[in-house]
Amino acid sequence: MKCSTGKYSYMSQELAETALVDQHIYKGFRVHEGPQNVYECGICGYWHLTSKAPTRNERLQQMHDSGEMKRKQEASRWEHGL
Numbered sequence: 077m078k079c080s081t082g083k084y085s086y087m088s089q090e091l092a093e094t095a096l097v098d099q100h101i102y103k104g105f106r107v108h109e110g111p112q113n114v115y116e117c118g119i120c121g122y123w124h125l126t127s128k129a130p131t132r133n134e135r136l137q138q139m140h141d142s143g144e145m146k147r148k149q150e151a152s153r154w155e156h157g158l
């Protein structure tokens with residue numbers, strides 16, 4: 077579902093965070109690339125991803141810090157034969 081801002085909308089913060097993590101895994105973003113956090117939209121009331129956040133999403137940061145993100149990205153590359 078899209079908002080009038082043109083951004084894809086997520087029904088909850090949890091769904092938006094899952095989409096954020098999934099994008100980093102499947103698109104292979106580096107730590108400072110791609111969307112960095114989620115926010116509740118003042119226009120539609122749903123949740124969006126943003127690359128312009130002053131801070132990185134805590135769940136995303138923990139995955140990068142622990143090495144989990146790198147492992148999942150590598151597994152995704154193998155799954156897709158890249």
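Note that the numbering used here numbers the sequence shown so that position 34 is 110, with each residue one more than the last. From the three backbone atoms N, C-alpha and C, an ideal C-beta is built for every residue, glycine too. Just so you know, these numbers come straight off a predicted model, no measurement behind them.
First and last residue of the beta strand (DSSP E) that includes T126?
-> Looking up residue 126 in the sequence shown gives position 50. 123-126 is the span of the beta strand (DSSP E), which, as asked, contains T126.
Can you give me the start and stop residues for the beta strand (DSSP E) that Y115 sits inside?
-> Walking along the sequence shown from the start, residue 115 turns up at place 39. Per DSSP, Y115 belongs to the beta strand (DSSP E) from 113-116.
Nearest to K148 by CA position, among D98, Y84, S85, is which residue?
-> The count along the sequence shown starts at 1 and reaches residue 148 at position 72. That would be D98, whose Cα lies nearest to the Cα of K148.
Figure out for me which residue from S152, C120, P130 has the closest Cα to the Cα of Q112.
-> Walking along the sequence shown from the start, residue 112 turns up at place 36. Closest option to Q112, Cα to Cα, is P130.
Check K148 in the structure and name its three-state DSSP category.
-> Residue numbering aside, residue 148 sits at position 72 when the sequence shown is read from its first letter. Three-state DSSP puts K148 in a helix.
Where A92 falls, given that 16 or more other Cβ within 10 Å makes a residue buried = Within the sequence shown, residue 92 is the residue found at index 16, counting from 1. That one is buried.
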